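Chemist: The structure that follows is given in the form of structure tokens.
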Amino acid sequence: MNNSHKIRAITIGINTPTNKSQDLEKSLKLFIKERDELMQKSNIQLRTSRITFSPLNLNHPIDSASIQSMANWVTKISNTLGIRWFCMPFNFVDNDFEPSMVNPIANLIKKFPNSFVNLIIADNKKININSVNSSAQLIKNISTNTNNGFDNFRIGVSSNCKPYTPFFPFSYHHDQDGFSLALEVLNLFYNVLEDNQNIKSNKLRAKLVDALSAELSFMQEIGIELEKSTGLKFYGVDSSLAPFPDGSDSVARLMETLGLDSLGSSGTLFFTSFVTNIINSAFEQSQALKVGFNGVMYSVLEDDYLALAIKNKKLSIDSLMLYSTVCGCGIDMVPVPGNIFLEEISSLIIDTAALSIALQKPLGTRILPIPGKNANELTDFNYDFLVDTRVMEIKNQAINLDNLSSKVANLGKQ
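Using this note's numbering, read the sequence shown as starting at 200 and increasing by one per residue.
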């Protein structure tokens with residue numbers, strides 16, 4: 200049993216700097232120094248550190264030159280401090296994602312391999328139709344950057360996601376500079392299950408809630424201590440069950456350990472809801488600060504057992520959409536045929552957005568058209584965060600969003 204604590208990411212949120220000040224750089228250097236000392240002292244395994252910004256297009260005009268300048272600056276800082284990734288968010292709910300911006304953002308992804316982009320297209324019961332279409336065009340364009348379609352790993356289209364979410368790419372910042380924690384707690388769940396193999400579900404649930412609550416309280420203390428030593432505000436914790444393709448950190452395997460024959464069988468929705476409720480109850484019990492998704496993440500290309508279920512044709516995109524009603528992040532890391540129509544990409548995005556607005560929960564869309572691959576052919580990645588699986592089937596049927604009379608779809612009273 201591994202008793203060490205695990206953090207997937209410490210995500211530093213910065214109000215988009217216009218002057219790229221030296222004071223900010225000094226603040227980040229201090230944060231990294233204090234972080235390293237605290238991680239070692241507290242026996243915490245930290246997988247990555249990241250930087251996210253407030254939406255780049257809200258407070259000042261944005262163009263290709265300003266995007267490039269910002270990316271150059273944060274790349275330099277990241278390389279100096281050992282920060283693996285940075286995210287550039289754009290709020291396209293009230294501001295249209297103009298077609299003229301597609302190429303500058305595509306160039307950002309192509310030129311800066313440590314960059315992520317968060318396209319915010321829905322919030323507060325509104326979906327920007329023009330921005331949905333431009334997001335689909337961007338995804339399609341980026342899919343041809345590489346032979347295996349890898350670069351869309353770094354593009355997310357988000358709906359109802361709130362600031363301070365530490366998981367990429369659905370991350371953006373607001374207000375005072377600060378940080379949040381994305382945890383890795385699958386090992387905690389497995390340890391509790393291993394120690395309590397013969398107890399009924401209500402007692403098992405209580406033990407899982409207690410164990411996760413204790414971990415949240417511990418991480419809350421870590422966040423507060425880091426805030427005191429660095430001056431950066433601690434915004435909270437995301438305790439989503441996030442997989443990692445190392446053979447052990449699998450959400451799909453957890454569901455099967457709980458009692459499913461296989462992920463995708465009847466009962467998957469129940470166990471997904473069961474585990475999500477445990478996460479929420481642990482936050483209530485611990486009173487830890489809560490940010491992000493805090494749900495079950497069915498990220499297809501990041502979960503060995505989920506990828507195997509896809510290979511065995513146990514799940515469809517429709518079933519993943521169904522599970523999004525009670526789980527974490529939406530349609531995430533889904534490989535689709537390279538010849539997918541723009542209209543179908545748009546339709547997947549707008550369906551996910553509609554679901555997020557109807558349920559008032561954060562959801563995102565991250566799909567990867569694979570060049571030259573058809574449905575049921577295997578992907579071919581070689582990356583530490585990804586695992587290979589079958590390209591998922593699509594319907595080649597969609598709605599034509601151009602037929603909608605308004606650029607903004609309102610799904611409720613404002």
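Ideal Cβ positions, reconstructed from N, Cα and C, are used throughout, including at glycine.
What you are looking at is a predicted structure, and each value in this text was computed from that prediction instead of being measured.
How many angstroms separate the CA atom of residue 613 from the CA atom of residue 297?
Modeler: Residue placement at residue 613 is flagged as unreliable, the pLDDT there being 48, under the threshold of 50; the coordinate-derived value follows with that caveat. Taking the straight line joining both Cα atoms gives about 24 Å.
Chemist: Between which two residues does the alpha helix (DSSP H) holding residue 399 run?
Modeler: Unbroken run through residue 399: none, as it is neither H nor E.
Chemist: Taking three-plus beta-carbon pairs below 8 Å as touching, is the stretch 455-473 in contact with the stretch 329-344?
Modeler: Counting Cβ pairs under 8 Å, fewer than three are found: no touch.
Chemist: Who are the Cβ neighbours of residue 558 in its own chain at under 8 Å, not counting the five residues just before and after it?
Modeler: Taken in chain order, the residues that qualify are 524.
Chemist: For a minimum of 4 consecutive residues, which ranges assigned as the alpha helix (DSSP H) are wholly contained in the stretch 242-316?
Modeler: If we require 4 residues or more, the alpha helix (DSSP H) runs fully inside the stretch 242-316 come out as 263-280 and 301-310.
Chemist: Under 7 Å, do residue 277 and residue 285 count as touching if we go by C-beta distance?
Modeler: It is a contact, given that the beta carbons lie within the stated cut-off.
Chemist: Take the Cβ of residue 279 as the centre, count every other Cβ of all protein chains shown within 10 Å, and call the residue buried at 16 or more, exposed below.
Modeler: With fewer than 16 other Cβ atoms within 10 Å, it is exposed.
Chemist: Compute the Euclidean distance between the alpha carbons of residue 477 and residue 380, then round it to the nearest angstrom.
Modeler: Looking at the two C-alpha atoms, the distance is approximately 19 Å.
Chemist: Work out the CA separation of residue 247 and residue 209 for me, nearest whole Å.
Modeler: If I take the Cα positions, the gap works out to 7 Å.
Chemist: So, are the CB atoms of residue 573 and residue 536 less than 7 Å apart?
Modeler: Closer than 7 Å, so yes.
Chemist: Where residue 546 and residue 336 are concerned, what is the direct C-alpha to C-alpha distance, given to the nearest angstrom?
Modeler: Each residue's Cα considered, the two are about 12 Å apart.
Chemist: For residue 238, name the three-state secondary structure that DSSP assigns.
Modeler: Correct three-state label for residue 238: helix.
Chemist: Ordered along the chain, which non-local residues of its own chain (more than five positions away) have a Cβ less than 8 Å from that of residue 479?
Modeler: Same-chain partners within the cutoff: 493.
Chemist: Under the rule that 16 or more other beta-carbon atoms within 10 Å means buried, what is residue 393, buried or exposed?
Modeler: The residue is exposed, with fewer than 16 neighbouring Cβ atoms inside 10 Å.
Chemist: Residue 441 by DSSP, collapsed to three states: which one?
Modeler: In this structure, residue 441 counts as coil in the three-state DSSP scheme.
Chemist: In chain order, what residues of the same chain lie with their CB nearer than 6 Å to the CB of residue 471, ignoring the 5 residues before and after it?
Modeler: Cβ within range, chain order: 495, 522, 525 and 526.
Chemist: Reducing DSSP to helix, strand and coil, say where residue 520 ends up.
Modeler: Correct three-state label for residue 520: helix.
Chemist: CA-CA distance, residue 215 and residue 258?
Modeler: So the two alpha carbons sit approximately 9 Å from each other.
Chemist: At the level of alpha carbons, what is the spacing between residue 588 and residue 385?
Modeler: Whole-angstrom Cα-Cα distance: 22 Å.
Chemist: If I measure Cβ to Cβ from residue 579 and keep anything under 6 Å in the same chain, skipping five residues before and after, which residues do I get?
Modeler: Excluding positions up to five away in sequence, the list reads 347.
Chemist: For the beta strand (DSSP E) containing residue 531, list its first residue and its last residue.
Modeler: Unbroken beta strand (DSSP E) run through residue 531: 529-536.
Chemist: Does DSSP put residue 514 in a helix, a strand or coil?
Modeler: Coil, per DSSP.
Chemist: Could you tell me whether the stretch 356-369 touches the stretch 228-244, where touching means 3 or more Cβ pairs closer than 8 Å?
Modeler: Contact between the stretch 356-369 and the stretch 228-244 is absent, because fewer than three Cβ pairs lie under 8 Å.
Chemist: Give the range of the alpha helix (DSSP H) segment to which residue 482 is assigned.
Modeler: Here the alpha helix (DSSP H) through residue 482 covers 467-485.
Chemist: By alpha-carbon positions, which one of 260, 516 and 364 ends up nearest to residue 548?
Modeler: Checked all of 260, 516 and 364; the closest Cα to residue 548 is 516.
Chemist: Cα separation between residue 667 and residue 424?
Modeler: As displayed, the chain neither begins before 200 nor continues past 613, which places residue 667 out of reach and without an answer.
Chemist: What does the alpha-carbon distance come out to for the pair residue 555 and residue 390?
Modeler: So the alpha carbons of these two residues sit roughly 32 Å apart.
Chemist: Here's a check: name, in chain order, each residue in its chain whose Cβ is nearer than 8 Å to the Cβ of residue 243, leaving out the five neighbours to either side.
Modeler: Contacts found: 203, 204, 205, 206, 237 and 421.
Chemist: When you compare the CB positions of residue 453 and residue 508, do they come within less than 7 Å of one another, or not?
Modeler: Not in contact: residue 453 and residue 508 (Cβ atoms no closer than 7 Å).
Chemist: Using 8 Å for Cβ pairs, my map puts residue 363 next to residue 212. What's the rounded Cβ distance?
Modeler: At roughly 6 Å, the Cβ-Cβ gap stays under 8 Å, so residue 363 and residue 212 are in contact.
Chemist: Given residue 200, which residues of its chain have a CB within under 7 Å of its CB, disregarding the five upstream and five downstream residues?
Modeler: The predicted model places residue 200 with a pLDDT of 40, which falls under 50 and marks its position as unreliable; any figure quoted below should be read in that light. Here the set comprises 390.
Chemist: Does residue 483 pass the burial test, meaning 16 or more other C-beta atoms within 10 Å, or should it be called exposed?
Modeler: So residue 483 ends up on the exposed side.
Chemist: Tell me the DSSP bridge mates of residue 412?
Modeler: DSSP lists no partner for residue 412.
Chemist: Do you know whose CA, among 352, 445 and 513, lies nearest residue 314's CA?
Modeler: That would be 352, whose Cα lies nearest to the Cα of residue 314.
Chemist: Output the boundary residues of the beta strand (DSSP E) element that contains residue 564.
Modeler: It spans 562-569 - the beta strand (DSSP E) in which residue 564 sits, taken as one unbroken run.
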